[in-house]
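Chains as they are written, first to last, in the UniProt record's numbering: chain A, 1 to 413; chain B, 1 to 305.
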């Protein structure tokens, strides 16, 4: 039914200008006049919206030069890979380089899903290399990237460890049916984190956070699915079902009030860890593993993570190969390497997030038997249901945009 | 009339044969000399500005976050002004305060460097410039740590009961202090340059003419340094009011955000926020341009350092 749309006036003007016989050389005035005309034509050309070919940037897969260039560049979140303070290096990554001869560049680029995605998306859509071969995004963002065809399909045949060791529950996920584009890096919970010594008591519910002596010393996450998810659970909303605008607004209002009343100091991405370290914040809505990393980094065992009595959210972060990466094979080699149970256990022992690799629990017993029992690394079904840990529902793009906008307003953007 | 006309008539015959040739030669050379500059301006200034302007008028595709179509959506400007006017006010206010404080700190410093420092002059210059060797973001993050609640600055002030809100970061004071700190060298260097160039004999003459120290300073030294002051205030005010790093690292989420922060979040965080971000940038540019024009008209001299 759709006929070819009439040429947009700006393009038409350009074509006409190109066809026009060249009389003498360009004068400055004629050039300016032409430019002005073009600009006006461009402004006048407000064509009715025509959806961009199904909403995706259709790109061709780039040629893989993994054989020639033995490198892989990985963008990840803060405190998300085992790190050795003494040698200032990542032990498992060093071992990977030694084993495969592939030079790995690791950068903590991601502070927040939205800000990192919006930073690289325009380049990806334009078919440009973003300087990364692996990017790490949370499930809902992974879904958006897959929808927009900005990720390369992965070759499961190349990744024996992944095929063999990925937890069965992660093999069928709604955000990436058939696991064609993404492989889980870690999963985790959002809940309450605090410094027991500085707070001076135990925090168990969200209500405990809004206390007079904690006013202005609380940080919450800029990911609304986590902050509002935890709050909605407290308000009795089923965050795994259809979330209505009213329910969302209810949680937003709560945050709004807590910011206005001065309880919430900052709403931040992964950089909230800096505030906890410097003492600007001593409690907040945070991610599970980070607090254990904080224990190690500050050599202070009083950092605690708890799931609020009303429940917590669960999410997973996924490794993906961006559409324009030319080192997909190397990226797959690296992803597969981290699905070796021994390596996975080593990482989990440091990051304290939920390990997606079967067999890692066994490997963990050799590293630290206590951690092999940790519900934050190897949660049992019972643990999840007893603590009311929920996934945040997948949102339709329009609802997603509406919610994000409401959220950004409240947090002062 | 005839008096004026006469010499003109006298001159024209002499000039007549000359202009065509010299004019053409002049134009070619000038054109060639201008070419690199003009190309630079076109590629790095005109094209981006036009691009930014067209983006500021685009609309977003309903249902496709991150995609836009060409339009004349002036609504973006309405949104930019109606919703974010407090941010504009804050930007100009903080930028203005930072400029004022930077001036108050920089003038005595530049004066001391130019007239009193003697052999310490170069050391002082290096001290002013050295912070530039480290990234500006790193330095601001460092300030966040220095001013943190448990840091010694905040603790000391708290002990003295001089910290009403119990904290320094996440207040407008921290933002203005950060801006002042970060742009101080831009104020010091032009003032120093113009003071250093001032002829000491002229200042001595002030004393010879029975002016006391203050009168000499007010009537001789200060006017001689005005071009530097003008350049310094512009170099401080323009980037300071467009800055977003200080407000995002040292300020709070809602009460101290500046225009730069809204532009950043519209660009990076709000799906489909590009047009509003672009119109905010354009409005900020226009506002600053108007203010700067008025300022230069009022205080400007022919000579801009």
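Ideal Cβ positions, reconstructed from N, Cα and C, are used throughout, including at glycine.
Predicted model, so just to flag it, every value in this text is computed and none were measured.
Can you list the residues of chain A that residue i reaches, using a CB-CB cut of under 7 Å?
i                      : result
residue 139 of chain B : Within chain A, no residue comes near residue 139 of chain B; the closest Cβ sits about 15 Å away, beyond 7 Å.
residue 167 of chain B : 216
residue 148 of chain B : 278, 279 and 280
If you drop the 5 nearest sequence neighbours on each side, which residues of the same chain put their C-beta closer than 8 Å to that of residue i?
i                      : result
residue 329 of chain A : 64, 66, 67 and 158
residue 171 of chain B : 165, 251, 252 and 256
residue 241 of chain A : 393
residue 82 of chain A  : 90, 91, 92, 346, 347, 349, 350 and 351
Starting from the C-beta of residue i, find all residues in its chain whose C-beta is less than 7 Å away, skip the five residues before and the five after it, and write them out in chain order.
i                      : result
residue 160 of chain A : 336
residue 301 of chain A : 295
residue 207 of chain B : 216
residue 111 of chain B : 195
residue 108 of chain A : 76, 77 and 78
Give the DSSP-derived three-state secondary structure of residue i in the structure shown.
i                      : result
residue 193 of chain A : strand
residue 136 of chain A : strand
residue 144 of chain B : helix
residue 139 of chain B : helix
residue 152 of chain A : coil
residue 207 of chain B : helix
residue 128 of chain A : coil
residue 218 of chain B : helix
residue 297 of chain B : helix
residue 256 of chain B : coil
residue 61 of chain A  : coil
residue 173 of chain A : coil
residue 103 of chain A : strand
residue 308 of chain A : coil
residue 123 of chain A : helix
residue 79 of chain A  : coil
residue 225 of chain A : helix
residue 416 of chain A : Examination of residue 416 of chain A is not possible in this model, given that chain A is present from 1 through 413 alone.
residue 357 of chain A : strand
residue 376 of chain A : coil
residue 219 of chain A : strand
residue 57 of chain B  : coil
Say whether chain B places a C-beta atom closer than 7 Å to the C-beta of residue i.
i                      : result
residue 160 of chain A : no
residue 220 of chain A : no
residue 417 of chain A : For chain A, the structure presents residues 1 to 413; residue 417 of chain A sits outside this window and is missing.
residue 408 of chain A : yes
residue 252 of chain A : no
residue 455 of chain A : Not covered by the structure: residue 455 of chain A. The range shown for chain A is 1 to 413.
residue 374 of chain A : no
residue 266 of chain A : yes
residue 405 of chain A : yes
residue 198 of chain A : no
With 7 Å set as the bound, which would you pick, yes or no: does the beta-carbon of residue i sit closer than that to a beta-carbon of chain A?
i                      : result
residue 253 of chain B : yes
residue 196 of chain B : no
residue 243 of chain B : no
residue 58 of chain B  : no
residue 248 of chain B : no
residue 44 of chain B  : no
residue 136 of chain B : no
residue 145 of chain B : yes
residue 91 of chain B  : no
residue 201 of chain B : no
residue 170 of chain B : yes
Assign residue i to buried or exposed, taking buried as 16 or more other Cβ atoms, counted over all protein chains shown, within 10 Å of its Cβ.
i                      : result
residue 161 of chain B : exposed
residue 272 of chain A : buried
residue 308 of chain A : buried
residue 138 of chain B : exposed
residue 125 of chain A : buried
residue 197 of chain B : exposed
residue 88 of chain B  : buried
residue 293 of chain B : exposed
residue 299 of chain B : exposed
residue 203 of chain A : buried
residue 212 of chain A : exposed
At a CB-CB cut-off below 7 Å, which residues of chain B make contact with residue i?
i                      : result
residue 411 of chain A : 253
Under 8 Å between beta-carbons, which chain A residues line up against residue i? List them in chain order, please.
i                      : result
residue 217 of chain B : Chain A residues near residue 217 of chain B: none, gap ~44 Å exceeds 8 Å.
residue 267 of chain B : 118
Give the residues of chain B in contact with residue i, contact being defined as C-beta atoms less than 8 Å apart.
i                      : result
residue 121 of chain A : 66
residue 259 of chain A : 253 and 254
Which chain A residues sit within Cβ distance under 9 Å of residue i?
i                      : result
residue 116 of chain B : Those do not exist, as residue 116 of chain B stays about 39 Å from chain A at its closest Cβ, beyond 9 Å.
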